[in-house]
Amino acid sequence: MKVTVRGERVSDYSQIAGVNYEAFLGWHPDNPYVAEPVIVDLLRHNALFDPELSLVAELDGEVVGHVLLSPFRFVVLGQEQPGVVLGPVGVRPGHQKAGIGTMLIEEGHKRAAAKGFALSVLCGHPEYYPRFGYRTGLFSLAGARVRMKPGGFDCSGLEERPVSARDVPWIVEAWEREHGRDSLALFPGTGVSSWSSHGPGTRCSVVLRQGTPLGYVRYEAAGPLRVKEILRNNGELPDLLAFILARRREQKPREVYLPLPEEAVRGQFPESERVDIVDEQVANEAFMIKVLDDSQTAVKEYCLETERKSIKPGIVVFPPMFDVDDGRHE
Ligand SMILES: CC(C)(COP(=O)(O)OP(=O)(O)OC[C@H]1O[C@@H](n2cnc3c(N)ncnc32)[C@H](O)[C@@H]1OP(=O)(O)O)[C@@H](O)C(=O)NCCC(=O)NCCS
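Here our numbering = 1-based position in the sequence shown + 1033.
Okay, structure coming up:
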């Protein structure tokens, strides 16, 4: 069996979609919607996308496996670091357990390290990825859970609209203010698709008062209220939260998960007797990081300090392109 691993070409796109469809269909056998081919397609539109990091495994002229490493800018211990998000990775079911996944992932790491990326981040099986040098339990998806008591927050005159390209400069500035000194953060990008809704299950909106943008919110449209990003422009956090809660009148209790540390949220509620704030910033084994460049001391130090529990696990918010996964719940 002679398998070749190489960077993708445009002529591979449909076969790559087929590989990801077949590989991930097994995860949800009762639902024909498979998000991974869509995620790959959306990530190809990211400004930092690099086709040399979208690798195919070819066997007898057929694409039988694929891995995508997507470049993103990270903040690690307050310093800017180039990194990649690894995923999806898939091998056609008939060719699994023959070492193809290993070849793809190892070549992906080699290429990403040679291009100067400092770290690789993923959400995956803790039994599988540590063999490639991933360290488990290194970040959280959530920060604080806020329970707001009714009344007192004025959200009259507030409205929302979809994000457009003209919003991106202030949203990017707001992101830098909010996350530029974080222990760990993933910058979604400078294109409008990095900030707008892709999945029907997640809404990305600009909240306005009399035409003035108060902030940006990205939140799940149904189920427990999870805010994936909330960035202030001219507005304050309590106003933005009150507005989202008001849109979800049916929900009780008035509870929201936020991707911001508990201490940062607490500081923004001066009348704290009307809110309960719970720290939900906990790492899960599935949230992993691999150090690609040993000379990058910030990444090594972040991993060590998080493992020693001398700092809290940082919060990673995967960009909206990954929200199409929500479509499977329609
Ligand atoms: C995961 C996947 C890419 C691995 O590719 P592969 O070519 O089968 O992997 P390899 O042959 O290089 O390695 C096989 C090893 O991986 C292990 N493995 C595969 N999938 C695994 C999983 N989900 N959890 C734990 N281990 C897994 C196998 O048990 C085997 O272990 P062994 O070497 O100790 O026997 C492939 O199985 C696949 O496409 N799965 C469906 C999609 C998927 O789950 N992608 C990963 C999302 S996190």
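Backbone N, C-alpha and C define an ideal beta-carbon position, used for all residues, glycine too.
If the criterion is Cβ atoms closer than 8 Å, does the pair K1333 and S1153 meet it?
Counting from one through the sequence shown, the residue named residue 1333 turns up at place 300. Counting from one through the sequence shown, the residue named residue 1153 turns up at place 120. No, the pair does not count as a contact, with Cβ atoms beyond the cut-off.
Alpha carbon to alpha carbon, how far is E1055 from D1356?
Taking the sequence shown and counting its residues from 1, the one referred to as residue 1055 is at position 22. Taking the sequence shown and counting its residues from 1, the one referred to as residue 1356 is at position 323. Rounded to whole angstroms, E1055 and D1356 show a C-alpha spacing of 20 Å.
With burial defined as no fewer than 16 other Cβ atoms inside 10 Å of the residue's Cβ, what is the status of V1100: buried or exposed?
The residue you call residue 1100 lines up with position 67 of the sequence shown. Buried.
Assigned secondary structure, E1288 (DSSP; H/G/I helix, E/B strand, else coil)
Your numbering for residue 1288 matches position 255 in the sequence shown. DSSP places E1288 in strand when its eight states are reduced to three.
Using the beta-carbon count (16 or more within 10 Å), is Q1314 buried or exposed?
Taking the sequence shown and counting its residues from 1, one reaches residue 1314 at position 281. Buried: at least 16 other Cβ atoms inside 10 Å.
Given 8 Å as the limit, is there contact between the segment 1274–1282 and the segment 1220–1233, that is, 3 or more CB pairs closer than that?
no
Give the single residue among L1291, G1234, P1353 and V1349 whose Cα lies nearest to the Cα of G1116.
On the sequence shown, residue 1116 is found 83 positions in, with the first residue counted as 1. The shortest Cα separation from G1116 among L1291, G1234, P1353 and V1349 belongs to V1349.
What is the residue span of the beta strand (DSSP E) that K1261 lies within?
The residue given as residue 1261 occupies position 228 in the sequence shown. Element bounds for K1261: V1260 to R1265.
Any residue whose CB is nearer than 5 Å to a heavy atom belonging to ligand 1, listed in chain order
Cβ-based neighbours of ligand 1 within the cut-off: A1056, V1122, G1123, V1124, Q1129, K1130, G1132, I1133, G1134, T1135, G1157, H1158, E1160 and Y1161.
Hey, how far is the Cα of V1122 from the Cα of A1255?
On the sequence shown, residue 1122 is found 89 positions in, with the first residue counted as 1. On the sequence shown, residue 1255 is found 222 positions in, with the first residue counted as 1. Note on geometry: alpha-carbon atoms of V1122 and A1255 lie some 28 Å from one another.
May I ask you to report which of helix, strand or coil DSSP gives L1076?
To locate residue 1076, count along the sequence shown from 1; it is residue 43. Note: L1076 maps to helix in three-state DSSP.
Under a Cβ-count criterion, where at least 16 other Cβ atoms within 10 Å of its own Cβ denotes burial, should E1253 be classed as buried or exposed?
Taking the sequence shown and counting its residues from 1, the one referred to as residue 1253 is at position 220. The residue in question, E1253, is buried, as its Cβ has 16 or more Cβ neighbours within 10 Å.
Do you know how far the Cα of E1160 is from the Cα of L1270?
Translated into the one-based positions of the sequence shown, residue 1270 becomes position 237. Translated into the one-based positions of the sequence shown, residue 1160 becomes position 127. One C-alpha to the other measures close to 39 Å.
For my contact list, L1264 and A1207 are in at a C-beta cut-off of 8 Å; report their separation, rounded to the angstrom.
Within the sequence shown, residue 1264 is the residue found at index 231, counting from 1. Within the sequence shown, residue 1207 is the residue found at index 174, counting from 1. L1264 to A1207, Cβ: 4 Å. Contact.
In chain order, which beta strand (DSSP E) runs of at least 3 residues are fully inside the segment 1148–1172?
Runs found: 1152–1156.
Report the three-state DSSP secondary structure of V1349 (helix, strand or coil).
As a first step, residue 1349 must be located in the sequence shown, where it is residue number 316. In the three-state reduction of the DSSP assignment, V1349 falls in the coil class.
Compute the distance between the beta-carbons of E1193 and S1238, then report whether it is under 8 Å.
What you label residue 1193 is simply residue 160 of the sequence shown in a count that begins at 1. What you label residue 1238 is simply residue 205 of the sequence shown in a count that begins at 1. Cβ distance < 8 Å, so E1193 and S1238 count as in contact.
Assign R1178 to buried or exposed, taking buried as 16 or more other Cβ atoms, counted over all protein chains shown, within 10 Å of its Cβ.
Here residue 1178 refers to the residue found at position 145 when the sequence shown is read from its first residue. That one is buried.
Reduced DSSP secondary structure (H/G/I, E/B, other) of V1067
By 1-based counting over the sequence shown, the position of residue 1067 is 34. In this structure, V1067 counts as coil in the three-state DSSP scheme.
Cβ distance (whole Å) where A1090 is taken to contact M1136 below 8 Å
Translated into the one-based positions of the sequence shown, residue 1090 becomes position 57. Translated into the one-based positions of the sequence shown, residue 1136 becomes position 103. A1090 to M1136, Cβ: 6 Å. Contact.
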